[in-house]
Amino acid sequence: MATSFLMFVGEQYGRAHQAIQFYRATFTDSQTDEIQCYLDDQAQAGKVRIARVGLNAKSLMAADVSGEHGFELTPARSLLVDCEDRAHQSNLFQHFAGGG
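Residue 94 in UniProt numbering sits at position 94 of the sequence shown, and the numbers go up by one each step.
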């Protein structure tokens, strides 16, 4: 099984929680399976070490990753979403177009 994994680096660092909340609000059939944050005594306190989220029975992982990587989170990421009907598709499109 392959799982989509979003690494929040560079200017996106620290936005994993926000992304998880956005996806959870977008997909009605969603749950947070696990979120581990860095401890308060670490330089990355409160940032997401690893998160596993279920969206419409598909897995998504995310993490805030500090340090230099030579790449950013790009808009070339894709999620395949099976829509129930055209209205469902339009609703999702509107939600993502508004801030996702």
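Heads up, the beta-carbon is just placed ideally off N, CA and C, and yes, glycines get one too.
Take the Cβ of residue i as the centre, count every other Cβ of all protein chains shown within 10 Å, and call the residue buried at 16 or more, exposed below.
i: Leu55; result: buried
i: Asp64; result: buried
i: Leu39; result: exposed
i: Ala8; result: The sequence given here has Phe at residue 8, not Ala. With 16 or more other Cβ atoms within 10 Å, it is buried.
i: Phe93; result: exposed
i: Ala25; result: exposed
i: Ala16; result: buried
i: Ala19; result: buried
Going by DSSP, which residues form a beta bridge with residue i?
i: Thr32; result: Val53
i: Leu39; result: Answer is none; Leu39 lacks a bridge partner.
i: Ser4; result: Leu60
i: Val48; result: Cys37
Which stretch, first to last residue, makes up the alpha helix (DSSP H) that contains residue i?
i: Phe27; result: Run containing Phe27: none; DSSP gives neither H nor E here.
i: Gln89; result: Arg86 to Ala97
Measure the beta-carbon distance from residue i to residue j and round it to whole angstroms, keeping in mind my assumption that it falls under 8 Å.
i: Ala45; j: Ile35; result: About 14 Å separates the two Cβ atoms, so there is no contact after all.
i: Met61; j: Phe22; result: Not quite, the Cβ-Cβ distance comes to about 15 Å (not below 8 Å), so this is no contact.
i: Asp29; j: Val53; result: That belief does not hold up - the Cβ atoms of Asp29 and Val53 are roughly 12 Å apart, past 8 Å.
i: residue 105; j: Gly14; result: With the chain covering 1 to 100 only, the question about residue 105 has no answer from this structure.
Leaving out the 5 sequence neighbours to the left and right, which residues in its chain are closer than 7 Å to residue i when beta-carbon positions are compared?
i: Gln89; result: Cys83
i: Phe27; result: Leu55 and Asn56
i: Arg49; result: Gln36, Cys37, Tyr38 and Ala63
Which residues in the same chain as residue i place their Cβ atom closer than 6 Å to its Cβ, once the five residues preceding and following it in sequence are excluded?
i: Thr3; result: Ser59 and Met61
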